[in-house]
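Novice: This is the structure, below, for whatever I ask next.
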Amino acid sequence: MCTLLILTFNSNSVFADSNTQNSYRIESNKFVSNNKEDKSEPKEVISITNDELYLLSKLVSSEARGEEYEGQVAVAAVVINRVLDPRFPDNIKDVIYQRNAFSVVDNGEIYKDPTDSAYKAAREALYGSDPTSGAIYFWNPEISTCNWIKKLDPYKRIGNHVFAK
9 MCTLLILTFN SNSVFADSNT QNSYRIESNK FVSNNKEDKS EPKEVISITN DELYLLSKLV
69 SSEARGEEYE GQVAVAAVVI NRVLDPRFPD NIKDVIYQRN AFSVVDNGEI YKDPTDSAYK
129 AAREALYGSD PTSGAIYFWN PEISTCNWIK KLDPYKRIGN HVFAK
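Going by the working numbering, 116 is the number at position 108 of the sequence shown; the sequence numbering is gapless.
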C-alpha cells in the first residue's frame, strides 16, 4: 500500500511517497519531483475539471464527515472507481448525481462547502491512492437502510464505512 503525506504551503502542496522516498510538489497544478532520477510525474487516474474536483470534494466532505483522512480518500476513490467501471457513468458529475447513488445528494448535504481535508483527499484519490483496493460501493452499516446492500459482500472496513466491489 502506498502512503502519501500531503502538506500545504500557500497554494503549493507537497506529496511524499513513503514507498519510494520521493517527494513531489504541486505548483499551479504541475507536479515537480525532487528525485533527479525519476523522470515520471504522478498522473491523474482520470482527467477531471476543477469544477468536478470541487464537486468530488463536496461529496467527500459530506459523505465522510467525521471520518479519518484515510476514510475520506476511500470515499473519493469509490467515486473514481465508478467512473472507470463500465457499469457506471463515465464522469464525476454523473456518478455523483446518479439517482439514489449518494444520500447526501438526496438530503442536500452535498451543497455545503468542502473541508480542506476533503479537498486534499479528493486530489490524493485522483492521483491514484485507493485504500479500498477497487471498491465501487460503500456504506455505514450502523445507519444504512437500503436493501440492496444486503446483496453485496463487504471486504474492507475503514472507519465507519464498509466497502464492496
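Where a beta carbon is used, it is the ideal one built from N, C-alpha and C, also for glycine.
As the structure is a computational prediction, the values presented were derived from the model and not from experiment.
Within 10 angstroms of the Cβ of threonine 57, are there 16 or more other Cβ atoms? Answer buried if so, exposed if not.
Specialist: Its Cβ having fewer than 16 others within 10 Å, threonine 57 is exposed.
Novice: With a threshold of 16 other CB atoms inside 10 Å of the CB of threonine 153, please say whether the residue is buried or exposed.
Specialist: exposed
Novice: Report buried or exposed for histidine 169, applying the criterion of at least 16 other Cβ atoms within 10 angstroms of its Cβ.
Specialist: Looking at its Cβ environment, which holds 16 or more other Cβ atoms inside 10 Å, histidine 169 is buried.
Novice: Quick one: complete alpha helix (DSSP H) runs, 4+ long, within the region 91-145?
Specialist: 100-104, 111-115 and 124-134
Novice: Looking at the strands, I want to know which residues DSSP matches up with valine 2.
Specialist: With the chain covering only 9 through 173, there is no way to say anything about residue 2.
Novice: Within a Cβ cutoff of 6 angstroms, which residues of the same chain sit near proline 122, ignoring the five residues on either side of it in sequence?
Specialist: Answer for proline 122: Ser65, Lys66 and Ser69, listed in chain order.
Novice: Just to confirm, are aspartate 8 and alanine 85 a CB contact at a threshold of 8 angstroms?
Specialist: The first residue shown for the chain is 9 and the last is 173, placing residue 8 beyond what the model contains.
Novice: Less than 8 angstroms between the CB atoms is what I'm expecting for tyrosine 135 and valine 53, so what's the real figure, rounded?
Specialist: That belief holds up - the Cβ atoms of tyrosine 135 and valine 53 are roughly 7 angstroms apart, short of 8 angstroms.
Novice: Go ahead and label isoleucine 151 buried or exposed: buried means 16 or more other beta carbons lie within 10 angstroms of its beta carbon, across all protein chains shown.
Specialist: exposed
Novice: Roughly how many angstroms separate the alpha carbons of lysine 101 and tryptophan 156, rounded to a whole number?
Specialist: 23 angstroms
Novice: Provide the residue span of the alpha helix (DSSP H) that contains leucine 160, from first to last.
Specialist: Where leucine 160 is concerned, there is no enclosing alpha helix (DSSP H), given that its DSSP letter is neither H nor E.
Novice: Hey, alanine 126 and alanine 72: beta-carbon distance below 8 angstroms or not?
Specialist: yes
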